[in-house]
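If you want it as structure tokens, here you go:
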């Protein structure tokens with residue numbers, strides 16, 4: 099895959115050309131057989147002529163465009179986000195994304211017409227079945243014409259339905275050209291994978307600051323020199339010091355150049371701990387527990403995003419899934435935490451959560467996704483929130499169930515673009 103983080107693409111291999119039953123084609127064959135029987139019985143020259151034309155049409159429809167399919171090669175790329183908010187690093191559940199197909203016709207003389215590109219949910223050659231149908235709507239793209247030795251692009255706009263890893267590994271190219279009588283297809287195998295992040299739950303303005311306190315200072319100063327803005331100390335001027343750091347009043351009073359030093363800026367550090375339903379709780383009511391867990395994962399993602407935007411160094415701890423990420427502040431750290439939330443397997447969580455690792459100078463926030471309203475385990479320190487805490491969520495934007503975000507009638511189906519994308 100190209101153009102999105104956490105993606106991978108492998109070498110393209112070609113499958114076999116296939117012919118499929120098609121109702122108009124079956125009707126045409128029956129009519130051709132009736133014409134042949136009538137011509138033989140009546141020895142009518144006109145019927146023989148019509149029968150010959152019918153056979154020629156079938157031959158052209160089956161051979162001409164079928165041979166063109168063998169010369170086609172396709173590569174896919176997932177890029178950009180359509181209508182997504184903010185500066186997300188990867189698509190989140192509910193976002194629209196674009197799958198671009200780069201279609202090359204390697205034939206020297208024969209063009210290809212009326213090509214439809216779709217993705218197969220089950221790949222051939224003994225490959226395992228993957229679950230992309232649970233994560234995105236069905237891609238559909240169309241190419242009107244691909245001339246000899248020409249490369250064109252087609253785009254399919256799909257909607258991300260739920261978090262997780264998406265694997266696309268088989269593109270089917272179908273055509274009914276030239277007469278719509280015979281449906282021909284060829285399958286091209288190329289693995290493209292990318293990650294869909296959980297949709298961050300929208301938090302109310304100031305909710306996280308109110309929860310953690312000290313809403314007027316997001317950055318502290320340390321007891322050591324650094325590149326911050328707060329005053330630390332004065333010292334004698336050294337060659338190479340910036341003139342901007344010279345304390346001119348103190349220098350004039352002492353009669354020698356004095357340099358002003360600043361303290362190192364230290365971001366507040368936050369570790370978000372996520373507790374998920376245990377296997378015993380899931381056995382009692384798997385649907386309710388999974389829905390609660392997905393809401394908690396969405397809430398944890400929202401807290402991570404909000405804390406990152408406020409300037410925190412953010413870490414993530416999911417002890418039941420063996421996830422422990424120390425607080426840090428970078429785009430890579432943000433991507434790593436959201437990827438970890440996206441890839442949590444609810445069926446593989448441990449029964450009893452372990453305590454969060456103790457880190458000095460780190461604030462802790464517990465996101466409780468268990469179905470019961472019991473207090474958090476004593477091993478965890480810090481404040482506790484649940485998906486049911488309406489005071490922290492913006493109810494106008496927060497989906498009632500982030501487990502699966504459907505589009506009405508899968509309205510984000512593919513659209514084809516013939517020619518090079520501008």
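In this note's numbering, the protein residues as written are 99 to 520.
We put the CB at the ideal spot given by N, CA and C, even for glycine.
Local Cβ density within 10 Å of residue i, reported as buried at 16 or more and exposed below that
{"i": "residue 207", "result": "exposed"}
{"i": "residue 196", "result": "buried"}
{"i": "residue 390", "result": "buried"}
{"i": "residue 119", "result": "exposed"}
{"i": "residue 117", "result": "exposed"}
{"i": "residue 338", "result": "exposed"}
{"i": "residue 483", "result": "buried"}
{"i": "residue 436", "result": "buried"}
{"i": "residue 445", "result": "exposed"}
{"i": "residue 286", "result": "buried"}
{"i": "residue 165", "result": "exposed"}
{"i": "residue 382", "result": "exposed"}
{"i": "residue 205", "result": "buried"}
{"i": "residue 193", "result": "buried"}
Same chain, Cβ closer than 8 Å to residue i, five either side skipped, listed in chain order
{"i": "residue 276", "result": "158, 159, 162, 163, 211"}
{"i": "residue 301", "result": "400, 401, 404, 490, 491, 492"}
{"i": "residue 528", "result": "As shown, the chain starts at 99 and ends at 520. That puts residue 528 outside it, with no answer to give."}
{"i": "residue 460", "result": "367, 368, 369, 413, 425"}
{"i": "residue 122", "result": "278, 279"}
{"i": "residue 284", "result": "112, 113, 114, 115, 116, 167, 168, 170, 270, 271"}
{"i": "residue 142", "result": "136"}
{"i": "residue 345", "result": "332, 356, 357, 358"}
Cβ-Cβ distance between residue i and residue j below 9 Å
{"i": "residue 201", "j": "residue 249", "result": "yes"}
{"i": "residue 263", "j": "residue 441", "result": "yes"}
{"i": "residue 216", "j": "residue 244", "result": "no"}
{"i": "residue 419", "j": "residue 384", "result": "no"}
{"i": "residue 438", "j": "residue 463", "result": "no"}
{"i": "residue 155", "j": "residue 199", "result": "no"}
{"i": "residue 432", "j": "residue 309", "result": "no"}
{"i": "residue 282", "j": "residue 153", "result": "no"}
{"i": "residue 416", "j": "residue 352", "result": "no"}
{"i": "residue 466", "j": "residue 394", "result": "yes"}
{"i": "residue 213", "j": "residue 241", "result": "yes"}
Sequence-distant residues of its chain with Cβ nearer than 7 Å to residue i (five each side left out)
{"i": "residue 114", "result": "none"}
{"i": "residue 349", "result": "355, 356"}
{"i": "residue 191", "result": "258, 259, 260, 261, 294, 296, 297, 500, 503"}
{"i": "residue 265", "result": "228, 230, 289, 291"}
{"i": "residue 343", "result": "357, 358"}
Three-state secondary structure assigned by DSSP to residue i
{"i": "residue 468", "result": "coil"}
{"i": "residue 118", "result": "strand"}
{"i": "residue 125", "result": "helix"}
{"i": "residue 439", "result": "helix"}
{"i": "residue 447", "result": "coil"}
{"i": "residue 146", "result": "helix"}
{"i": "residue 280", "result": "coil"}
{"i": "residue 231", "result": "helix"}
{"i": "residue 196", "result": "strand"}
{"i": "residue 335", "result": "coil"}
{"i": "residue 383", "result": "coil"}
{"i": "residue 222", "result": "Note that residue 222 has pLDDT 43, beneath the 50 cutoff, so the model's placement of it is unreliable and the number below is only indicative. Three-state DSSP puts residue 222 in coil, outside helix and strand."}
{"i": "residue 154", "result": "helix"}
{"i": "residue 51", "result": "Because the chain spans 99 through 520 in this model, residue 51 falls outside it and cannot be assessed."}
{"i": "residue 303", "result": "coil"}
{"i": "residue 417", "result": "helix"}
{"i": "residue 286", "result": "strand"}
{"i": "residue 173", "result": "strand"}
{"i": "residue 395", "result": "helix"}
{"i": "residue 168", "result": "coil"}
{"i": "residue 261", "result": "coil"}
{"i": "residue 242", "result": "strand"}
{"i": "residue 388", "result": "helix"}
9 Å Cβ cutoff, residue i in contact with chain C
{"i": "residue 115", "result": "Protein chain content of the structure displayed is limited to a single chain, and chain C is not contained in it."}
Beta-carbon proximity list for residue i, same chain, < 6 Å, skipping 5 on both sides
{"i": "residue 306", "result": "404"}
{"i": "residue 218", "result": "268, 270"}
{"i": "residue 380", "result": "387"}
{"i": "residue 148", "result": "133"}
{"i": "residue 485", "result": "393, 394, 397"}
{"i": "residue 150", "result": "none"}
Can you find at least 3 beta carbon pairs, one from the stretch 290-303 and one from the stretch 389-403, that sit closer than 8 Å?
-> yes
Check whether the stretch 162-177 touches the stretch 262-272, counting contact only when three or more Cβ pairs, one atom from each stretch, lie closer than 8 Å.
-> yes
Evaluate contact between the stretch 247-265 and the stretch 121-141, counting only Cβ atoms and requiring at least three cross-stretch pairs below 8 Å.
-> no
Do the stretch 117-134 and the stretch 231-249 touch if we need at least three Cβ pairs shorter than 8 Å?
-> no
Is the stretch 369-377 close to the stretch 412-425, with three or more CB pairs under 8 Å?
-> yes
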